[in-house]
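Since the structure comes first, as structure tokens, the remarks are kept for the end.
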Amino acid sequence: MTTEPKDPVADLAPEPAVPSLVDRYFTRWYKADVKGKPCEDHCILQHSNRICVITLAGSHPVLQSGKTIKSISYQISTNCSRLQNKVSGKFKRGAQFLTELAPLCKIYCSDGEEYTISSCVRGRLMEVNENILHKPSILQEKPSTEGYIAVVLPKFEESKSITEGLLTQKEYEEVVVKRLRATTAAS
Amino acid sequence: MFPLTVENKHVAQLLLSTGTCPRCIFRFCGVDFHAPYKLPYKELLRELQKFLEAEEDELVSEVPNPPPKKIRLQEPEDQIDGMDSLSQNGEGKLSVTEDGSSSSKNSNLNVCNVCLGILQDFCEKEFIKKVCQKVEASGFEFTNLVLSVSFPPQLSVREHAAWLLVKQEMGELIFMLFRKQSLSLGRNDIVQLKEAYKWITHPLFSEELGVPIDGKSLFEVSVVFAHPETVEDCHFLRAICPDCFKPAKNKQSVFTRMAVMKALNKIKEEDFCKQFPCPPNSPKAVCTVLEIECAHGAVFVAGRYNKYSRNLPQTPWIIDGERKLESSVEELISDHLLKVFKAESFNFSSSGREDVDVRTLGNGRPFAIELVNPHRVHFTSQEIKELQQKINNSSNKIQVRDLQLVTREAIGHMKEGEEEKTKTYSALIWTNKAIQRKDIEFLDDIKDLNIDQKTPLRVLHRRPLAVRTRIIHSMETRYVDEHHFRLYLKTQAGTYIKEFVHGDFGRTKPNIGSLMDVTADILELDVESVDVDWPPALDD
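Line order of the protein sequences matches chains A and B.
Under the UniProt record's numbering, the first residue of the first sequence is numbered 1, with each subsequent residue one higher.
Under the UniProt record's numbering, the first residue of the second sequence is numbered 1, with each subsequent residue one higher.
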């Protein structure tokens, strides 16, 4: 799991008097088993201004102990790279448009596994996090802040509806607990 | 002295006979001094008729250097003979005069076919008094005024028709005499209706209200005329010149004065004459007054404010039509100003802004408020001081100082400083790792640190995405406990302080967290000073 201050497991430091940055301004939404792949859970942080930050959920395989990230690539097909995304002006002209299923990047692990991270929300791509290219470990150390994947701006009129198909924090926790029980029962 | 000369006689005759008023006749004869227009209407009409009935010989003496009588008297007759309206007798000049004067006698108090009554009833004292009563009832404080009148656009069409009539019917020769040099009557030689109206009414307004008329006055009285009866006069122009009449969002009608003028400049004279009667027909009624309105130009008040609350936004915070917080800095200040200046609305601006949870201490933040359409504008410095006191007594969330009246131009000083000037802040910082005094001391030694800030996520929805370099000029720390310290910063204006502390998902680099190799968060932020030296500080 993560080493972030808010993480209930790794939390050794005292809580700040106020909720963390993410909790103050963002709502956490989740999508479990993205594209039918077990445990590949994503977490979408939606700011009160509708901006969405796409991150890995704590339960994503990449964040489990023992995993090492070999590389990350924003090249999602031979002629489309998320790194080419450019937005200009107040109205962010020229942004790549993303559907819920649109891939954002691929994460290659040293054990040979590869994972595709999806947008999970419809909207326009504002930026991808280039810091994780140079230092993939940030993704594992701070998955819900500095290790984010991308920033997406939903359409104004869709800012409420884009999260309709997503899980709330509580629903997500239930999914994780259920999954845990199932694996314990099976073993 | 009566302003027309023998050279004007034919034009005057023609116009009067077709239903044009004496003042419009003066305009068409290029009379460009004020006095004749100001004469009472009935007197003018009498004088004009006397002039037209007078013998040629009497008139000739008034003309210096008269051209040979022959040309003047003989040649025009050929032209006049062909005229529908004046040719019943067909016997030359004298009969024309009789004809014209008799028709003008019938129509002498009729509505003018060119100005639709503007230079008739609407120049009378009675009407001016009516407008002035409205002005006085409006409750505005004023020491001078500017008068703006708006005439129906069809007046231009009618004037054009009358001009073509004069030009065509009287023939070019007459104009050669009339103008002595040029071959035709230029449209620019006609005195503008607006000008003539001004000459007549300005002295009357000034006298009635007891203040001078001044084109630069902030107090404006506007009178809008309409003439429903002839509103269709313009419509044929649209078929001929569709380009000139494109619908615009905030216009009720495409037939604006400008559009009509443009079309009249484009249209061929023969096309115009086919579509519109020359002379224009005589209307039944004079113009109606659509509105008489008063307005005062904006005045500006500036000062500095302190904000002592962490639950008070600078401007009303409304999301989806719902108010998030009850009040705002701008309302706490402006509500008082609105009442005292009896203004319609206000526009608040300031040298930067702080977040809802940020306090502004020290000498405060410069602000300026535009008061729109104020009814009261004259205040002594004592009155302004009392107003400031009233604002300060009304709320403990804000305080105001240096309140003063300023000019619109001076507000530029406030905005100029926005990017270049420095600001100082005080921040309470939390770290996830336990810290000791020695862990923060190094920050005190950092000078003029360049940081790269991507547009913060919290404002990215309404600002362009960019990386901006900002300078942290200096920092000073004060240790609080293992997880807290206070950081005093002096930075370039436009630096996002919160993001410099927590890093905004690593999007501001470096940040306090990365410098200290911890996760840092900002718990409290105060603006200690906004280093802009405007508005000038006042005593007390």
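For glycine and all other residues, C-beta sits at the position ideal for the given N, C-alpha and C.
Here the structure is a predicted model, which means the values were calculated and not measured.
May I ask you to list the residues that DSSP assigns as paired with residue i?
| i | result |
| --- | --- |
| Glu370 (chain B) | B:Phe300 and B:Asn347 |
| Ile54 (chain A) | A:Ile44 and A:Ala150 |
| Cys80 (chain A) | A:Ser77 |
| Glu220 (chain B) | B:Val146 and B:Ala295 |
| Leu525 (chain B) | B:Val358 and B:Ala427 |
| Ser71 (chain A) | A:Tyr108 |
| Ile213 (chain B) | B:Leu145 |
| Ser88 (chain A) | A:Arg93 |
| Tyr30 (chain A) | A:Cys43 and A:Leu167 |
| Phe379 (chain B) | DSSP output for Phe379 (chain B) lists no bridge partner at all. |
| Val128 (chain A) | A:Ala150 |
| Gly123 (chain A) | A:Leu98 |
| Ile451 (chain B) | B:Arg470 |
| Ile319 (chain B) | B:Glu322 |
| Ala54 (chain B) | Note: Ala54 (chain B) sits in no beta bridge, so no partner. |
Looking at the C-beta of residue i, does it have a partner C-beta in chain A at a distance below 7 Å?
| i | result |
| --- | --- |
| Gly321 (chain B) | no |
| Asp521 (chain B) | yes |
| Leu457 (chain B) | yes |
| His502 (chain B) | yes |
| Leu325 (chain B) | no |
| His336 (chain B) | no |
| Leu487 (chain B) | no |
List the endpoints of the continuous beta strand (DSSP E) containing residue i.
| i | result |
| --- | --- |
| Asp402 (chain B) | Ile398 to Val406 |
| Ile471 (chain B) | Val467 to Asp481 |
Excluding the five sequence neighbours on either side, which residues of its own chain have a C-beta within less than 8 Å of the C-beta of residue i, listed in chain order?
| i | result |
| --- | --- |
| Leu164 (chain B) | Glu269, Phe272, Cys273 and Cys278 |
| Gly139 (chain B) | Lys342 and His375 |
| Leu387 (chain B) | His336, Leu337, Val340, Phe379 and Leu403 |
| Phe505 (chain B) | Leu457 |
| Val501 (chain B) | Ala427, Ile429, Leu487, Asn511, Ile512, Gly513, Ala520, Asp521 and Ile522 |
| Ala248 (chain B) | Val254 |
| Ser206 (chain B) | Pro212 and Ile213 |
| Thr288 (chain B) | Phe225, Ala226, His227 and Pro228 |
So residue i contacts chain B; which residues on that side make the cut at Cβ distance below 9 Å?
| i | result |
| --- | --- |
| Ser119 (chain A) | The contacting residues do not exist; Ser119 (chain A) stays about 17 Å from chain B at best. |
| Tyr25 (chain A) | Leu457 and Arg458 |
Counting only C-beta atoms, is residue i closer than 7 Å to chain B at any point?
| i | result |
| --- | --- |
| Glu146 (chain A) | yes |
| Gly89 (chain A) | yes |
| Asn49 (chain A) | yes |
| Asn85 (chain A) | no |
| Leu45 (chain A) | no |
| Leu133 (chain A) | no |
| Arg181 (chain A) | no |
So residue i contacts chain A; which residues on that side make the cut at Cβ distance below 7 Å?
| i | result |
| --- | --- |
| residue 547 (chain B) | With chain B covering 1 to 540 only, the question about residue 547 (chain B) has no answer from this structure. |
| Arg353 (chain B) | Result: empty, since nearest Cβ-Cβ is about 16 Å, beyond 7 Å. |
Anything in chain A within Cβ reach of residue i, meaning under 8 Å, just list it in chain order.
| i | result |
| --- | --- |
| Arg468 (chain B) | Ordered by position in chain A, no residue passes the 8 Å Cβ test against Arg468 (chain B), which lies about 15 Å from the chain. |
| Leu460 (chain B) | Asn49, Ile51, Met126, Val151 and Leu153 |
Less than 6 Å between C-beta atoms, sequence neighbours within five positions excluded: which residues of the same chain meet that for residue i?
| i | result |
| --- | --- |
| Val151 (chain A) | Val53, Met126 and Glu127 |
| Asp526 (chain B) | Arg359, Leu361 and Ser426 |
| Gln399 (chain B) | Asn306 and Asn392 |
| Thr469 (chain B) | Asn450 and Asp452 |
Would you give the residue range spanned by the alpha helix (DSSP H) that residue i belongs to?
| i | result |
| --- | --- |
| Cys109 (chain A) | No alpha helix (DSSP H) holds Cys109 (chain A); the beta strand (DSSP E) holding it covers Pro103 to Cys109. |
| Ser118 (chain A) | Element bounds for Ser118 (chain A): not the alpha helix (DSSP H) but the beta strand (DSSP E), Glu114 to Ser118. |
| His484 (chain B) | Counting along the chain, His484 (chain B) falls outside any alpha helix (DSSP H), though it belongs to the beta strand (DSSP E) covering His484 to Gln492. |
| Thr184 (chain A) | Gln169 to Ala186 |
| Asp271 (chain B) | Glu269 to Gln275 |
| Leu133 (chain A) | Asn131 to His134 |
| Lys129 (chain B) | Lys125 to Ala137 |
| Asp445 (chain B) | Arg437 to Asp445 |
| Gly513 (chain B) | Ile512 to Met516 |
| Phe262 (chain B) | Contrary to the premise, residue 262 (chain B) reads as Lys rather than Phe in this sequence. Residues Arg257 to Lys266. |
| Lys38 (chain B) | Ala35 to Lys38 |
So with CB distances below 7 Å, who are the chain B contacts of residue i?
| i | result |
| --- | --- |
| Phe127 (chain A) | Contrary to the premise, residue 127 (chain A) reads as Glu rather than Phe in this sequence. Chain B residues near Glu127 (chain A): Leu465. |
Ordered along the chain, which non-local residues of its own chain (more than five positions away) have a Cβ less than 7 Å from that of residue i?
| i | result |
| --- | --- |
| Leu218 (chain B) | His296 and Gly297 |
| Ala285 (chain B) | Val111 and Glu229 |
| Asn482 (chain B) | Before going on, a small fix: residue 482 (chain B) reads as Glu here, not Asn. Contacts found: Ala434 and Ile435. |
| Lys70 (chain A) | Tyr108, Cys109 and Ser110 |
For a contact defined as C-beta to C-beta under 8 Å, what are the partners of residue i on chain B?
| i | result |
| --- | --- |
| Leu21 (chain A) | His502 and Asp521 |
| Lys92 (chain A) | Pro464 and Leu465 |
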